[in-house]
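Numbering (UniProt numbering), first residue to last: 1 to 475.
Where a beta carbon is used, it is the ideal one built from N, C-alpha and C, also for glycine.
Okay, structure first, notes after.
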């Protein structure tokens, strides 16, 4: 690249190449360095920006240090009594070093330090040379020309005379802003949480779970759910949310890799620790309930009566979500419903499966809409409606499959663009007219029951319109 080629040639010619300072080896990949020169126009967009960043950072890592000269001058105004000390600070770039290639105007922690106000505050340090002074020199004070509150000690040289003006500068301390994604990564690395490979996954997970949102400037804004969850953990056991426990486990894993600790000992210790924390958390869960109850509406307060439960004969509340679900406030049972379509009541009809008796719904999906019968219980537990010989033989496998379905539905991964019940469910079987030749599904009679009769496929967006002269159909 012509922009950096001359700089690199100068480094090589003058022998100014320095050994890069060693970073922290996380063990997951070697340093990221450029492999070859990219021709002009070969890369564009994000690829070009990433490549340029890697190249500039690599060159900077073997460049000389940047050298700044900082100057501080203290003034004493005797007429002001105890509040008579004023300070003037300035800094001048003597040798740009690596800043030449990184293109930074400033380098360091000034951005972080600006929120701290004290004797060592460097927020007033200005870039540029200041006049030379001698200890004990008396400097005349002149009246300022501006009433601006943003001014401070200013010094000017008029001929051979150095003059100063004093103005009051008023400002307020400000709270730090929200963490950016890169700042969070830095904090996680500082406390030993995760590796270069796993840290992005951790950050992605807290976004997926709606604990934080990623806003403009790549800043992570805590969501209400995340705030309440953290407050609850702090109230019960701060160790569940502070980084120390996770960092200790990461450190022990590193010791296993280096042969300094035994795997069994580390695993046993971690299991014992979390088992004790879990038991204590369960005993104190009421504290979490109080926090969530004060911050979020209860399901029983936001839903409206919809259909009856087949077990209690009580009305289930319809929660529009997301995710869409039915809720029994008497048993505190949640029945997730399919997402991607519209759920309606179906005139009090009941599920024909023995022992179920849940009132049925209609589920319409697609455009034009295809409508299917829906039993809330059978949708969440399709094995309940099947014969025993069709179920997995191992009871552990059956239980695992049921738990997996429940977890997926409660997590909102419930998009359904076809019939929500299996084709061999009694509801579907009663409406089946023929197999669908274009899929592995079946064609059923639309449960709207006329007068515009039609057949719909359970697995494909297929609709067969029947003659309008038909007034009654029996399957």
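Quiz item: Under 9 angstroms, do residue 460 and residue 429 count as touching if we go by C-beta distance?
Solution: No, the Cβ-Cβ distance between residue 460 and residue 429 is not below 9 angstroms.
Quiz item: Does the stretch 224-238 touch the stretch 275-289, meaning 3 or more C-beta pairs lie closer than 8 angstroms?
Solution: With the cut-off at 8 angstroms, the stretch 275-289 and the stretch 224-238 touch.
Quiz item: Is residue 350 helix, strand or coil when you go by DSSP?
Solution: Of the three classes helix, strand and coil, the one that applies to residue 350 here is strand, per DSSP.
Quiz item: With burial defined as no fewer than 16 other Cβ atoms inside 10 Å of the residue's Cβ, what is the status of residue 303: buried or exposed?
Solution: Residue 303 counts as buried, since at least 16 other C-beta atoms from the protein chains shown sit within 10 angstroms of its C-beta.
Self-check item: Residue span of the beta strand (DSSP E) that contains residue 215, given as start and end
Solution: It spans 212-215 - the beta strand (DSSP E) in which residue 215 sits, taken as one unbroken run.
Quiz item: For residue 313, which of helix, strand or coil comes out of DSSP?
Solution: Of the three classes helix, strand and coil, the one that applies to residue 313 here is coil, per DSSP.
Quiz prompt | Alpha-carbon to alpha-carbon, residue 427 and residue 361 | solution = Looking at the two C-alpha atoms, the distance is approximately 12 angstroms.
Quiz item: Does DSSP put residue 238 in a helix, in a strand, or in coil?
Solution: DSSP places residue 238 in helix when its eight states are reduced to three.
Quiz item: Which stretch, first to last residue, makes up the alpha helix (DSSP H) that contains residue 170?
Solution: Taken as a continuous stretch (DSSP letters only), residue 170 belongs to no alpha helix (DSSP H), as it is neither H nor E.
Quiz item: Could you give the distance in angstroms between the alpha-carbon of residue 376 and the alpha-carbon of residue 331?
Solution: Looking at the two C-alpha atoms, the distance is approximately 15 angstroms.
Practice problem: Ignoring anything shorter than 3 residues or poking outside the stretch 258-315, list the beta strand (DSSP E) runs there in chain order. | Solution: You should have 304-308.
Quiz prompt | Short Cβ contact (9 angstroms threshold) for residue 250 with residue 194 | solution = Taking 9 angstroms as the Cβ cut-off, residue 250 and residue 194 qualify as a contacting pair.
Practice problem: Evaluate residue 418 with the Cβ neighbour count: other Cβ atoms within 10 Å of its Cβ, from every protein chain shown; 16 or more gives buried, anything less gives exposed. | Solution: By the neighbour-count definition (other C-beta atoms within 10 Å, threshold 16), residue 418 is a buried residue.
Quiz item: Hey, out of 313, 32, 261, 342, whose CA is closest to residue 324's CA?
Solution: Looking at 313, 32, 261, 342, the one whose alpha-carbon comes closest to that of residue 324 is 342.
Quiz item: Considering residue 85, what are the terminal residues of the beta strand (DSSP E) in which it resides?
Solution: From DSSP, the beta strand (DSSP E) with residue 85 extends over 85-95.
Exercise. Counting only the same chain and skipping the five closest in sequence on each side, list residues whose C-beta sits under 7 angstroms from that of residue 420.
Key: Contacts found: 338, 363, 372, 374, 379.
Quiz item: If you draw a straight line from the C-alpha of residue 301 to the C-alpha of residue 225, how long is it?
Solution: Straight-line Cα distance between these residues: approximately 18 angstroms.
Self-check item: Range covered by the beta strand (DSSP E) that runs through residue 74
Solution: Run containing residue 74: 67-76, per the beta strand (DSSP E) assignment.
Quiz item: By Cβ distance below 7 angstroms, which residues in the same chain neighbour residue 352 in space, the five residues on each side in sequence not counted?
Solution: If we look at residue 352 and ignore the five residues flanking it on each side, its Cβ neighbours are 426, 427.
Quiz prompt | Beta-bridge partners of residue 327, as assigned by DSSP | solution = Answer by DSSP bridge pairing, in chain order: 317, 334.
Self-check item: For residue 129, the three-state DSSP class (helix, strand or coil)
Solution: DSSP, read as helix, strand or coil, puts residue 129 in coil.
Quiz item: Would you call the stretch 87-98 and the stretch 64-74 touching, i.e. three or more CB-CB distances under 8 angstroms?
Solution: Contact between the stretch 87-98 and the stretch 64-74 is present, because at least three Cβ pairs lie under 8 angstroms.
Self-check item: Neighbourhood of residue 182 by C-beta, 8 angstroms cutoff - its chain only, sequence neighbours within 5 removed
Solution: If we look at residue 182 and ignore the five residues flanking it on each side, its Cβ neighbours are 218.
Quiz item: Under a three-way DSSP split, which group does residue 345 fall into?
Solution: Here residue 345 carries a strand assignment [DSSP, helix/strand/coil].
Quiz item: Going straight from the alpha carbon of residue 253 to that of residue 247, what length do you get?
Solution: Rounded to whole angstroms, residue 253 to residue 247 spans 10 angstroms at the Cα level.
Quiz item: residue 45 to residue 38, Cα distance in whole Å?
Solution: Looking at the two C-alpha atoms, the distance is approximately 14 angstroms.
Quiz item: Which residue's Cα is closest to the Cα of residue 295: 227, 320, 321, 270?
Solution: Looking only at 227, 320, 321, 270, the smallest Cα-Cα distance to residue 295 is reached by 227.
Self-check item: Test item: CB-CB of residue 370 and residue 446 under 9 angstroms
Solution: A contact, by the Cβ cut-off of 9 angstroms.
Self-check item: Rounded C-alpha distance that separates residue 199 from residue 185
Solution: Per the coordinates, the alpha-carbon of residue 199 lies some 7 angstroms from the alpha-carbon of residue 185.
Practice problem: Spell out the partners DSSP gives residue 58 in its beta bridges. | Solution: Bridge partners of residue 58: none, in fact.
Practice problem: Name, in chain order, the residues that DSSP records as bridge partners for residue 432. | Solution: Under the DSSP definition of a beta bridge, residue 432 partners with 444.
Quiz item: Once you ignore the five residues that flank residue 528 on each side, which residues in its own chain have a CB closer than 6 angstroms to its CB?
Solution: With the chain running from 1 to 475 in the structure shown, residue 528 is simply not present.
Exercise. Using the Cα positions of residue 177 and residue 241, report the straight-line distance between them to the nearest angstrom.
Key: The alpha-carbon atoms of residue 177 and residue 241 are separated by roughly 21 angstroms.
Self-check item: Whole-number beta carbon distance between residue 464 and residue 431, since they are thought to touch under 8 angstroms
Solution: With a Cβ gap of about 13 angstroms, residue 431 and residue 464 do not count as contacting.
Quiz prompt | Proximity below 9 angstroms, CB of residue 4 to CB of residue 55 | solution = Contact: yes.
Quiz item: How far does the alpha helix (DSSP H) with residue 379 in it reach, from first residue to last?
Solution: For residue 379, the enclosing alpha helix (DSSP H) begins and ends at 376-380.
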